[in-house]
Structures are given as structure tokens and as C-alpha cells.
Amino acid sequence: MKKSKILLVTVLALVLCLLCVTTSTFSWLPRPKEDKGNSLAWEPSYETSVGKDITMKTYSMTADGKEPVDENGKPVLTEVTDFSRSEPGLGKGERVYYRTDIKNSGTEAQSVSLFLSSLSGLDNPNAKFFLGVNSPLRTYKNYSDIDSEAGTKVKKVINEQYVYLGLHADEETEGKFNNIERIHAWKDADIISDCMWRDRLSTGKTGKWIISNKWENKEQTFNIYAMKVDYRCTDFQLKGTNNFWYNGAKPVITSKNTILFYECNNGYYVAEEKSATAAGIESFYSSAGAKVGDTVDLAATGHTDTFTYTSSDESVATVAPNGLVTAIKAGHTTITVTSTGAYGDKITAACWLTVHGTVDTKTLLDVPVATNIKVAPKTDAGDTVVSIYWYIKNEGSEPLKYTIEDIYLTL
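In this text, residue positions in the sequence shown follow the numbering used here: the first is 19, and each later residue adds one.
(1) Would you kindly report the start and end of the unbroken alpha helix (DSSP H) that includes K347?
(2) Taking just the CA atoms, how far does T381 sit from L134?
(3) According to DSSP, is E332 part of a helix, a strand, or is it coil?
(4) What separation, rounded to the nearest whole angstrom, lies between the Cα atoms of S230 and Y287?
(5) If we ignore side chains and look at the alpha-carbon of each, how far apart do V404 and L149 end up?
(6) Which residues in the same chain as L219 place their Cβ atom closer than 8 Å to its Cβ, once the five residues preceding and following it in sequence are excluded?
(7) Any contact of the stretch 178-193 with the stretch 280-296, i.e. 3+ C-beta pairs under 8 Å?
(8) Please classify A306: does DSSP put it in a helix, a strand, or coil?
(9) Per DSSP, what kind of secondary structure is R216 in: helix, strand or coil?
(10) Near L137, which residues of its chain fall below 6 Å by C-beta distance, leaving aside the five closest residues on each side in sequence?
(11) Hey, out of Y116, I72, A399 and S102, whose CA is closest to E85's CA?
(12) What number of angstroms, rounded off, separates the C-alpha of I299 from the C-alpha of N177?
(13) Going by alpha carbons, who is nearest to M214 out of T295, G258, Y77 and V334?
(14) Could you say which of F240, T336 and R216 lies nearest to T191 if we only look at CA atoms?
(15) Identify the continuous alpha helix (DSSP H) that holds T324 and give its terminal residues.
(16) Leaving aside the five residues before and after N197 along the sequence, list all residues of the same chain whose C-beta is less than 6 Å from its C-beta, in chain order.
(17) Could you tell me which residues DSSP pairs with S405 in its beta bridges?
(18) For N152, which three-state DSSP category applies?
(19) How should G55 be labelled, buried or exposed, when 16 other C-beta atoms within 10 angstroms of its C-beta is the threshold for buried?
(20) Nearest by alpha-carbon distance to T366: which of A297, D206, A348 and L155 is it?
(21) Confirm, please, whether the CB-CB distance from I406 to P154 is below 9 Å.
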């Protein structure tokens, strides 16, 4: 009997610990005093459909960080549009909680970042503005002791590139390629990336190569498909159905980025070839701040010879072919980098740029709440929603007053 009681107590303790770890509203959980403010980022992959079909709403939570309910236990959500706090301010140790819902009503995945715009009024040294996130990941940072962030930028990892798969055009017309499962890419045991055949990008373009073992050195036409894999991968190969690996070609991506697939003598063969550079972006920026007249280097990294840059509002800022941005007037604009590969394959990333005319040394232009959040496409059941639970806390000894111009999403 005594052993049974000990076992029961142990099980209950384990259940309680599990609830503490997995429940987003356990705001009293211990955490480091301060973590990197833009550490909420899911890497390495980044999805972009350039923001279409993405919307968001922010709701207030209860004083203890829970979702408000009525007397019947049903959620009662109140949308918030004003995030500033004036008199009497946020008291010592007090928190104010929010839930931001990011909805994707489209058929493409999207990676977005959530920011506070123009945080100001932090002029009381005895009031400390801390920004925290409880879910989907955890972060906590002090913003009271940081000077103006004009001219700063928040980097984000994209880590996407295409490799090419060419199918013999005549044989594809004959329906001979129903045995493709995926492209498998890797760098080492920790970096593995697969692109399933169903996720292929049909470029609508062809390439020509000489295949000697069937067509007597006559040039053959191959239909080109672009397969997206992790930018860090260095090698790739083709895998067929029934767990069959086509090991005849394991090209190094930087030297030969194309695998050709064809039928010969009642069997299937692969060959590795070189096409011109495919689309690929390693990293870019999710947001940047500048003052009028500033220049900001927003050059992306990756297959740089495939890059083009654009500004959505050139009256606010212009961007040169090398990614150097010139701030012209106060306002907002989106700086977009597009990598275009040899067969028209594209990878796109965008940066939200805030330009200020004059900047107070205690105005923080763009404060990251959560960055590089992946929102999956809608399903048959409906739109996909990702919720971010975040809060503001006064870690000082006197009331905290502050102004937040807005909150916004950027790609």
C-alpha cells in the first residue's frame, strides 16, 4: 500500500510538471532575466507568398495571462488596437497580456514576423519596459536601456535554394516517369532536406544534353523541374518509389546542379549535369530602420548573381542593384529581393523598412515580438491560424508609461 501511494504521488508530480511546460498561460514559469529579443525564429526554412492571404488580429488576455471566458466558459475576445499605456501607467511588476492571431487563408505557406512600431516614452529610468513571449516559443528582453534603433536591421534566415530535375521530354509524354518519389539533399547527418515530387515546380522550360548510352551522342531534350531544398545542403540525389535509390548521380550542387532522368533498355538511369545558377537565398532582413538621408545596406546573401531588388514606395526609399537602400522621406516601404534562377524559378523575401524624419534617442523604431513564424496554408477544415501569446511587463520600481504607434507583420 505504501509503495502504491509513492507511485501515485510520483505520477501526479510528473503530470503537473508536464502541464507547466506545455501550457502557454503559466506566466509564472521561471525564465532567464533576459533573452535575445529576436530569438523567436524558426529556422532554417522560410516560406513566402509575398504576404497575400495573410491577416492578423490581436486580443487582450486576462491579468494572469489567460483567455477570458464568460459564465458558461465560452471565450470572450476583445480586439486591441491601442497598445500604449498612459496615466497611471503599468505598476511595479505588473504585466499586460495579448494574443495575436495570424491567419493564412491562402494555399501557400508563409513566414512572417511580428513587430511593435515606434516604441517611445521610456524616459523614466526607474520604470523598465520588458517584452516577453510565452508561446509558441519563449523570449524576454529589456528595451528600456536601448537607444534609438534608427539605422539598425533585424536579420532573418531564409535558407532556400532550387536544384533541377530533368525528365526526358519524349519519355515523359509517353508516361514513363511515375516512379519518382523525391529529391534528397544533404550536407551532413544534421542537415538533410527532401523535396517531394508532389512539391515540384514545373518551370515550363527545357534543357538539351547529349546522352551517349541510348541516343548515340544525339542531343536530347529534357523537361526541367525545380526542386526546393535547404540552402546549406551540398549534395543531392534522386529517390524513386518502393525505396529505390538512383545512386548513379550524387552531384555536388555547386558544380552540377541538375540530375537528368531517362529510360534505357527497360531500366532507368540518371546523369548529373550543370545548368546556370538556380534561385537561392541564404539570408535577408525582416525589418530595418533609418533616418531621412541615411543609407542602409540590405544586401541579401545567397546566389547573389540572381538577385534583383525593388522598393514598394520609391518616394520613401530607393534600392540599388546591390541592395544599398537610400532613405528619402518619412514613411514605410517594403524592400523585396527576388532570386531568379536559370529556368525562371524564383525565391522571394521582403524587409519592412521604416524611415523617420527625426528620431528621439528614446524611440525604438522596430521592436521584434516574434520573427520568422511559419504559417501553414489553409486546409479542408478551414484557414490556418497561429497564435502568439506575448506580454509587456514593468520590471522597474515606478509606474511605466509608453507609446506604441502600431503593431505590424512583415515577411
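Note that beta-carbon positions come from the ideal geometry of N, C-alpha and C, so glycine has one too. In this text, all values refer to a predicted model and were calculated from it rather than measured experimentally.
Result, derived from the coordinates:
(1) Within the sequence shown, the letter at position 329 stands for residue 347. Where K347 is concerned, there is no enclosing alpha helix (DSSP H), given that its DSSP letter is neither H nor E.
(2) The residue labelled residue 134 in the question sits at position 116 within the sequence shown. The residue labelled residue 381 in the question sits at position 363 within the sequence shown. Spanning the two alpha carbons is a distance of roughly 11 Å.
(3) One-based indexing of the sequence shown puts residue 332 at position 314. Coil, per DSSP.
(4) Within the sequence shown, the letter at position 212 stands for residue 230. Within the sequence shown, the letter at position 269 stands for residue 287. Rounded to whole angstroms, S230 to Y287 spans 12 Å at the Cα level.
(5) Against the sequence shown, residue 404 aligns to sequence position 386. Against the sequence shown, residue 149 aligns to sequence position 131. Using only the alpha carbons, I get a separation of about 19 Å.
(6) Position 201 of the sequence shown, counted from the start, is the residue given in the question as residue 219. Contacts found: Y180, Y243, A244, M245, K246 and D363.
(7) yes
(8) Numbered from its first residue, the sequence shown carries residue 306 at position 288. Here A306 sits in strand by DSSP.
(9) Within the sequence shown, numbered from 1, the residue matching residue 216 stands at position 198. Helix.
(10) Locating residue 137 in the sequence shown gives position 119, counting from the first residue. Contacts found: L382, V385 and I422.
(11) In the sequence shown, residue 85 corresponds to position 67, counting from 1. Cα-wise, what sits closest to E85 is Y116.
(12) The count along the sequence shown starts at 1 and reaches residue 299 at position 281. The count along the sequence shown starts at 1 and reaches residue 177 at position 159. Going from the Cα of I299 to the Cα of N177 covers about 6 Å.
(13) Here residue 214 refers to the residue found at position 196 when the sequence shown is read from its first residue. Checking every option, the nearest Cα to that of M214 belongs to G258.
(14) In the sequence shown, the residue the question calls residue 191 occupies position 173. Here the closest residue by C-alpha is F240.
(15) Here residue 324 refers to the residue found at position 306 of the sequence shown. Counting along the chain, T324 falls outside any alpha helix (DSSP H), and DSSP gives it neither H nor E.
(16) Here residue 197 refers to the residue found at position 179 when the sequence shown is read from its first residue. Excluding residues within five positions, the ones whose Cβ falls inside 6 Å are G258 and T259.
(17) As a first step, residue 405 must be located in the sequence shown, where it is residue number 387. Beta-bridge pairing links S405 to D119.
(18) As a working mapping, residue 152 is identified with position 134 in the sequence shown. Three-state DSSP puts N152 in a strand.
(19) The sequence position of residue 55 within the sequence shown is 37, counting from 1. Because G55 sits at a pLDDT of 38, beneath the cut-off of 50, its placement in the model cannot be relied upon, and the following sentence gives the value as read from the coordinates. By the neighbour-count rule (16 or more Cβ atoms within 10 Å), G55 is buried.
(20) For the purposes of this step, residue 366 is identified with residue 348 of the sequence shown, where counting begins at 1. For the residues A297, D206, A348 and L155, the minimum Cα distance to T366 belongs to A297.
(21) Translated into the one-based positions of the sequence shown, residue 154 becomes position 136. Translated into the one-based positions of the sequence shown, residue 406 becomes position 388. A contact, by the Cβ cut-off of 9 Å.
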